Structure formats: structure tokens, C-alpha cells
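Numbering (this note's numbering), first residue to last: 268 to 706.
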Ligand code: CMX
């Protein structure tokens, strides 16, 4: 039986001629036009990145290697007694495009377990931060501190053939995927908890071991697996995925790239929205004085938020135009495991009142909830009430997609990223507001 790395190499060899042919025979073919709105408006919709790991359809939602999320959850092997699949199987799927067998996953888990141990200095980095620090900069700093471990850097310094770049990148990526949950658990235990511990259980998969280190009983292991899987990838243009790819395109190693990815994810319009949702719901709860709101009261609170110039966290999306399937998967989990949870009931009522209000307001192109609208409430239910921490969980998941992409970027020899910028004068001249050379 071939190892994951051997299988990946076969796939790389098969894929390289496709990219070569596209460049050689169709390099000048036009596939896109760019409007002024797109140049000023955050490059929405410009088809200018390539990835085969996931694709986001505005109405259907994300597909991982061609599979919808429900298919991914159904097909990937699960650990013994688990309801959700092993996260390691997803990484296998991302790298190879194939659903692994139970044996494939078991072999791969064995490999990752051997890579989980953190260097001592990572704990010292965590300890060096003041206790009231936000966990996202701590996570970013820990990943950055491990840059000295990069095998890619070592081999690059010695002189390495471009065709081999993917190989040490694969080793770096596996090391980091294995270590991210351990860093995440160590940060949680340092900042918030005396129930968790920094010992691992080497018989457990990534999600199971994460729950173990946080001191959480079942079904939190499944919550962790579900959470890491749904957050893993969302095609290439979102801030975190794009940042990871962009930094790696200069041949910075995966530690520098993923640290940057984490920093991008830490913005409230992106991954931090999950903590904003919880903060906002807690504020609504306080305003209600402990009573569950009526539909009318909730509508008023939503309008108040909008009228004060703030966004409704967890709603809207730059690409999606329907309810995010990542929201739906979490909702289904909540309906079966925690239907009477008070915060979940808030979510259900918000799901009813927010979309029509956003439609009536007429600004947001997508009035439906995204992944972040739901995730915090499930964490809260299982005792992770420190909502600053939620984006760390998002980061552990997202790193799986970003690292898979970086391995493939290196394998296919994608170049350093360098789009062209122009000035406002130039744009005004291009559309005829100003004459050529008029400033
Ligand atoms: N509440 C209020 N207004 C919203 C809104 C929301 N949830 N979503 C979009 N809008 C507003 C925008 O702020 C923008 O207003 P202006 O014209 O005044 O600038 C207008 O509607 C048009 O925006 P859009 O084209 O629909 O959305 P964008 O592609 O520019 O932005 C996103 C997408 C996600 C940043 C935005 O919907 C948002 O701010 N949502 C709330 C934060 C959030 O949930 N982020 C998490 C997204 C998922 C993730 O990446 O993790």
C-alpha cells in the first residue's frame, strides 16, 4: 500500500502537465474582464486564483474536492464510536482528491501522532504573553516562533531543485497540522482553564486528543472534529486562505505563511465574527433582563444594531447567496444534541428575523447566515464560554486547507504573486473623467 506522500507524488506528476499545457497553449486566452467596481471594491468576483482543493458556489456552498459537506461527513472514515469523521481523513482528501480508507486514515494518524510534541520554547512563548492577551496573537506568535523548525528552509539554504520544493513543504505542513491543536489547547489551558492539561492521549485522533487536552467529555470530541472540518477551506480568495497563499508565494515557509493566515482570520469581518456573534447575543440577553425576547423585541434590536452603523455579525457573505451549508450542518447538530439550549433558541429566532430585515434594508447582497453565526453557540453549550477563543478553533481548521494548498502551490510551481495597481488619476483617465496625462 502506498503512503500518503507516495500517493500525493503520483497525483502531482499527473497534474503538472495540465498546468504546463494551459500556460503554453492558452496563456493569452482571456477569461475575465475587470470593472472599476471590482478594482475599488476588494476584487470581488475576479477569477484570478487557482486551487483544486475546494470550490465555492454562491448558491450551493462549498465543495471539498468535488464533494458537498454532507457527502464529506458521510464518506470520510470515523473513529471508533465517533459520530463525526477523523480530521486527518479530510487532510488526506485535500491532498489526494480521494476518500481514504480506514487503513489510510489509521496510518496517517500514526504519522501525525509522532509529530505532535511541541518544543519547550512554544510554552515559554505562551507564558510570556500577559494573561489578558487575545489568544489569536498568542497563536500567531507560537506558530511564528516555530519557524526555526522549517525543513523547507534548511533544504533551500543547502540548494534544492524547484521540482522538489513540495517535499520538505509536505513535512513542514504535516508537522504544523499536527501541532496546531496542541498549541490551541495549551493556550486555552493557560488563559482560561484549570480543567484541561498539556498531556496528550496518543491513542486518539486529532479531534479526540484536542477534546482530551481541554478536559472535555464526549461529545466534545465530535464537536471539535465537526468544527475543524467545516472551517478547513473556502476556496482561495478569502482573507485567510489568500494571505497564506500570498506569503507562501514568496517562498516563505509554512510557519510564516500560517502565522499571517491567523492574523487575517483575526479580523471581525472574517473569522473573528464568531466571537462577535456571541458578544452580540450576550448583549441582547442582558437587554432582555433574562427574559427570552419576543419576535418583535428581537426585530427592534436587529434594527437598532443596523441603525447604529454596525453589521449584524454572522450574516452576509462576499460570495455566498444562500444559507451557508456550514451553518446548516451546525444547526442540524444543535437540533439533535441541544435543542433546548437558550442561546440556540436565540439563533433560531434570529434566523427567522434577520434575513427579511437585511433584505428590507437593501444593502447586504446576502441576507443569510454564514458559518460564524452558529459556531460560538455550540462551543458555549459545551462550556467554552470564553468567546475570544473561538477564532483559535477556526484557525486550527483553516490551517488544514491553507497548508494543503501551499503543498500543491509548491508542487505546481505557482509563481510569486504580484498583481498590478494603478492610481486614481489613471482610473479616471481610463473611464474618461479626466483627459490622458491630466492630473
Ligand atoms: N449586516 C449589516 N450590513 C451588512 C451585512 C451585515 N451582516 N453584510 C453586508 N452588509 C453591508 C456591507 O457593510 C455593505 O455596506 P456599505 O455599502 O455601507 O459598505 C453592503 O451591505 C454591501 O456589502 P456586501 O457586498 O453584501 O458584502 P461584502 O462582500 O462587502 O462583505 C462580509 C461580506 C462578510 C464582510 C459582510 O457581509 C459582513 O460584514 N458580515 C458581517 C460579519 C461576518 O459575519 N463576517 C464573517 C463572514 C464569514 C467569514 O469570513 O468567516
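All C-beta atoms in this analysis are idealised placements derived from N, C-alpha and C, irrespective of residue type, glycine included. Predicted, not measured: the structure shown is a model, and the values here were computed from it.
contact_flag[the segment 366-381, the segment 428-440] where n(CB pairs < 8 Å) is 3 or more:
The segment 366-381 is not in contact with the segment 428-440.
With distance defined between alpha-carbon atoms, name the residue in 357, 643, 385 and 311 nearest to residue 373.
Working through the chain shown from its first residue, we reach residue 373 at position 106. For residue 373, the nearest C-alpha among the options comes from 357.
With a threshold of 16 other CB atoms inside 10 Å of the CB of residue 511, please say whether the residue is buried or exposed.
Taking the chain shown and counting its residues from 1, one reaches residue 511 at position 244. Buried is the label assigned to residue 511, since at least 16 other Cβ atoms lie within 10 Å of its Cβ.
Bounding residues of the alpha helix (DSSP H) (the contiguous stretch that carries residue 662)
Position 395 of the chain shown, counted from the start, is the residue given in the question as residue 662. Taken as a continuous stretch (DSSP letters only), the alpha helix (DSSP H) holding residue 662 covers 657-678.
If you drop the 5 nearest sequence neighbours on each side, which residues of the same chain put their C-beta closer than 7 Å to that of residue 388?
In the chain shown, residue 388 corresponds to position 121, counting from 1. Correct list, in chain order: 412.
Excluding sequence positions up to five away, which residues of its chain have a Cβ less than 8 Å from the Cβ of residue 452?
What you label residue 452 is simply residue 185 of the chain shown in a count that begins at 1. Same-chain partners within the cutoff: 463, 465, 477, 480 and 481.
At least 3 beta-carbon pairs within less than 8 Å: the segment 604-614 vs the segment 657-667:
In short, these stretches do not touch, since the Cβ pair count stays below three.
Which runs of the alpha helix (DSSP H) spanning at least 4 residues fall entirely within the segment 590-640, listed in chain order?
592-604 and 609-628
Given residue 298 as reference, the closest of 697, 289 and 314 once Cα atoms are compared
As a working mapping, residue 298 is identified with position 31 in the chain shown. Here the closest residue by C-alpha is 314.
Local conformation of residue 324 per DSSP, three classes
One-based indexing of the chain shown puts residue 324 at position 57. Here residue 324 sits in strand by DSSP.
Mind the definition here: the segment 502-516 touches the segment 527-537 only if three or more C-beta pairs lie below 8 Å; say whether that holds.
yes
Which same chain residues end up closer than 6 Å to residue 593 when comparing Cβ atoms and leaving out the 5 residues on each side of it in sequence?
Along the chain shown, one-based indexing puts residue 593 at 326. The beta carbon of residue 593 sits closer than 6 Å to the beta carbons of 497 and 638 from its chain, once the five residues preceding and following it are set aside; these are given in chain order.
Rounded to whole angstroms, what's the CA-CA distance from residue 684 to residue 416? Just pull it up for me.
In the chain shown, counting from the first residue as 1, residue 684 sits at position 417. In the chain shown, counting from the first residue as 1, residue 416 sits at position 149. Taking the straight line joining both Cα atoms gives about 25 Å.
Would you tell me roughly how many angstroms separate the C-alpha atoms of residue 445 and residue 454, rounded to the nearest one?
Residue mapping note: residue 445 aligns to position 178 of the chain shown, counting from 1. Residue mapping note: residue 454 aligns to position 187 of the chain shown, counting from 1. One C-alpha to the other measures close to 15 Å.
If you measure from the CB of residue 352, is any heavy atom of the ligand CMX nearer than 7 Å?
Your numbering for residue 352 matches position 85 in the chain shown. Residue 352 Cβ: outside cutoff for every heavy atom of the ligand CMX.
Taking 7 Å as the line, does the beta carbon of residue 373 fall inside it for any heavy atom of the ligand CMX?
Numbered from its first residue, the chain shown carries residue 373 at position 106. At a cut-off of 7 Å, the beta-carbon of residue 373 does not count as near the ligand CMX: no heavy atom of the ligand is closer than that.
Just checking residue 453 against the ligand CMX - is the residue's beta carbon closer than 7 Å to any of the ligand's heavy atoms?
For the purposes of this step, residue 453 is taken as the residue at position 186 of the chain shown. The answer is no for residue 453.
For a minimum of 4 consecutive residues, which ranges assigned as the alpha helix (DSSP H) are wholly contained in the segment 511-562?
521-532 and 540-554
I need the DSSP call for residue 311, collapsed to helix, strand or coil.
As a position in the chain shown, residue 311 is number 44, starting the count at 1. Coil.
How many whole angstroms separate the CB atoms of residue 544 and residue 640, which I take to be in contact at a CB cut-off of 8 Å?
Position 277 of the chain shown holds residue 544. Position 373 of the chain shown holds residue 640. So it is a contact: roughly 6 Å between Cβ atoms.
Helix, strand or coil, according to DSSP, for residue 366 in the structure here?
As a first step, residue 366 must be located in the chain shown, where it is residue number 99. It is coil, neither helix nor strand.
Quick one: is residue 332 buried, meaning 16 or more other Cβ sit within 10 Å of its Cβ, or exposed?
Here residue 332 is taken as the residue at index 65 of the chain shown, counted from 1. Counting Cβ neighbours within 10 Å, residue 332 comes out buried, since at least 16 surround it.
Selected residue, minimal CA-CA separation from residue 540, among 609, 277, 349 and 578:
Taking the chain shown and counting its residues from 1, one reaches residue 540 at position 273. Minimum Cα distance to residue 540 is reached at 578.
Is DSSP giving residue 335 helix, strand or coil here?
Indexing the chain shown from 1 puts residue 335 at position 68. Here residue 335 sits in strand by DSSP.
Fully enclosed by the segment 371-411, which alpha helix (DSSP H) runs are 4 residues long or longer?
387-395
Considering just the uninterrupted stretch of the alpha helix (DSSP H) at residue 477, what are its terminal residues?
The sequence position of residue 477 within the chain shown is 210, counting from 1. The continuous alpha helix (DSSP H) containing residue 477 extends over residues 473-481.
Are residue 376 and residue 472 closer than 8 Å when you measure CB to CB?
The sequence position of residue 376 within the chain shown is 109, counting from 1. The sequence position of residue 472 within the chain shown is 205, counting from 1. For residue 376 and residue 472, yes; Cβs fall inside 8 Å.
Three-state secondary structure (DSSP) at residue 492?
Stepping through the chain shown from its first residue, residue 492 is reached at position 225. Taken through DSSP and simplified to helix, strand or coil, residue 492 comes out as helix.
When you measure from the CB of residue 505 to every non-hydrogen atom of the ligand CMX, does any distance come out below 7 Å?
Mapped onto the chain shown, residue 505 falls at position 238. Yes, the Cβ of residue 505 comes within 7 Å of a heavy atom of the ligand CMX.
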